[in-house]
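Residue numbers (the numbering used here): 213 to 384. Beta carbons are placed, not taken as given, at the ideal position from N, Cα and C, and that holds for glycine.
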Ligand SMILES: [Fe+2]
């Protein structure tokens with residue numbers, strides 16, 4: 213099972229056809245996720261910082277196919293095709309919003325499955341992604357404003373807040 217290094221992960225993004233803008237976003241999310249992960253680890257919680265870094269670089273690989281919600285599914289598919297480690301695939305698959313439970317995923321037309329982040333690594337990448345707009349770090353309230361502007365369902369906004377509180381608690 214492939215667990216690429218940084219150069220290998222970037223090569224996968226480029227080979228898949230991700231734009232420079234997406235790649236820049238992925239690197240910004242990866243740096244932010246590592247910062248969060250190091251704080252959480254220093255607070256005594258076991259997190260795999262390297263997995264978070266590589267998973268975050270690859271989280272949007274599916275944007276080479278589509279920018280809609282299905283990019284997580286497409287990303288996971290590309291990951292499987294390359295024999296990526298399942299823990300990386302799961303980071304890709306569960307990073308959308310603050311995760312999407314099975315029933316909601318079904319109503320959104322996603323293939324059957326649970327898209328909720330479970331492990332520290334999955335949760336940290338999903339949260340870091342919420343905190344990065346394009347290649348800029350935003351506050352949680354700015355992110356919530358963005359979600360409301362996009363007309364996101366209240367359940368997505370609630371989960372984004374819950375995940376943010378959870379990550380803050382892990383750091384403090
Ligand atoms: Fe994404």
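- Secondary structure of residue 345 (DSSP, three-state): strand.
- Contact annotation: residue 379 and residue 335 have beta-carbon atoms nearer than 8 Å.
- A Cβ-Cβ separation of about 6 Å places residue 343 in contact with residue 244 under the 8 Å criterion.
- With respect to residue 304, residue 274 sits close: the two C-beta atoms are nearer than 8 Å.
- Judged by the Cβ position, residue 260 fails to qualify as a neighbour of ligand 1 at the 7 Å threshold, every heavy atom of the ligand being at least this far.
- Residue 308 sits in coil when the DSSP states are folded into three classes, being neither helix nor strand.
- With contacts defined by Cβ atoms closer than 8 Å, residue 291 and residue 301 form a contacting pair.
- By the criterion of a C-beta distance shorter than 7 Å, residue 351 is surrounded by no residue of its chain, once the five residues flanking it on both sides are discounted.
- Beta-bridge pairing by DSSP links residue 214 to 296.
- Taking the C-beta atoms as reference points, residue 307 is found nearer than 8 Å to residue 337.
- Contact check for residue 346 and residue 257: beta-carbon distance about 29 Å, past the 8 Å limit, so the pair fails to qualify.
- With 7 Å as the limit, the residues whose C-beta approaches any heavy atom of ligand 1 more closely are 271, 272, 275, 283, 284, 307, 308 and 341, in sequence along the chain.
- Residue 312 and residue 319 have their alpha carbons spaced roughly 11 Å apart.
- The Cβ atoms of residue 266 and residue 239 do not sit closer than 8 Å to each other.
- As a beta-bridge residue in DSSP terms, residue 327 pairs with 312.
- Per the C-alpha coordinates, the member of 295, 377, 364 and 367 positioned closest to residue 213 is 295.
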